[in-house]
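Under my numbering, the final residue of the sequence shown carries the number 173; numbering is consecutive throughout. Notes for the one structure printed next.
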Amino acid sequence: SDTKRKNEVKNIDNFVIQPYALHQICSNNKVDYIKVRPGDSFQSIAQEFNLRDWELYKYNDLNEGEFLSSGQILYIQPKRSRSGSYEFHSAKANETMREIAQRYGIKEKSLRRKNRMDKGTQPLENQKIYLKKTKPKSR
35 SDTKRKNEVK NIDNFVIQPY ALHQICSNNK VDYIKVRPGD SFQSIAQEFN
85 LRDWELYKYN DLNEGEFLSS GQILYIQPKR SRSGSYEFHS AKANETMREI
135 AQRYGIKEKS LRRKNRMDKG TQPLENQKIY LKKTKPKSR
């Protein structure tokens with residue numbers, strides 16, 4: 035057939051070459067993500083998935099101008115407000131709320147709200163982070 039998939043090039047022998055091998059899509063908390071590869075940029079990933087750069091920043095709780103690193107998880111859909119499978123997470127030393135949010139496919143803003151934490155504050159080592167329900171008020 036003469037229909038070409040995006041990024042496919044056919045040589046004389048009709049052998050299909052994909053110069054930009056497409057990312058494998060994985061899912062976490064029913065949200066699709068990819069793993070960043072060397073040479074990826076927000077622009078190249080946005081183009082591959084028919085998204086805009088700002089959507090990738092928003093879906094991943096990133097600020098414009100931040101960089102991608104190889105192996106990093108990058109969501110290509112909006113994350114959820116809560117975890118579907120896990121109730122809690124025990125924070126590791128120096129772990130950030132953004133890292134926890136990425137790990138469970140939850141919006142950082144929702145995670146902060148559930149745990150009554152202000153923007154910019156980070157959990158303490160072994161702090162119980164609520165992933166589904168809101169942390170009860172301290173008495």
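For glycine and all other residues, C-beta sits at the position ideal for the given N, C-alpha and C.
Residues bridged to residue i (per DSSP)
i: Leu96; result: DSSP output for Leu96 lists no bridge partner at all.
i: Phe11; result: A question about residue 11 goes unanswered here, because the residues of the chain that appear run from 35 up to 173.
i: Asn63; result: Bridge partners of Asn63: none, in fact.
Presumed contact (8 angstroms Cβ cut-off) between residue i and residue j, rounded CB distance
i: Val65; j: Gln111; result: 5 angstroms
Residue i - DSSP class collapsed to helix/strand/coil
i: Ser144; result: helix
i: Phe108; result: The sequence given here places Leu at residue 108; Phe does not occur at that position. Leu108 falls in the strand class under three-state DSSP.
i: Arg114; result: strand
i: Ile134; result: helix
i: Arg39; result: Any reading at Arg39 needs caution, since the residue's pLDDT is 46, under 50, leaving its predicted position unreliable; the model's value is listed next. Looking at Arg39 - three-state DSSP - the assignment turns out to be coil, as it is neither helix nor strand.
i: Ser103; result: coil
i: Ser172; result: coil
i: Ile68; result: strand
Selection from the options that minimises the alpha carbon distance to residue i
i: Tyr164; options: Lys141, Gly154 and Ser104; result: Lys141
i: Gly154; options: Gln58, Asp95 and Ser124; result: Asp95
Quiz prompt | the segment 144 to 157 contacting the segment 71 to 80, beta-carbon criterion three pairs below 8 angstroms | solution = no
Quiz item: Just checking, does the segment 84 to 93 make contact with the segment 126 to 139 on the three C-beta pairs under 8 angstroms criterion?
Solution: Here the segment 84 to 93 does not lie against the segment 126 to 139, with fewer than 3 beta-carbon pairs under 8 angstroms apart.
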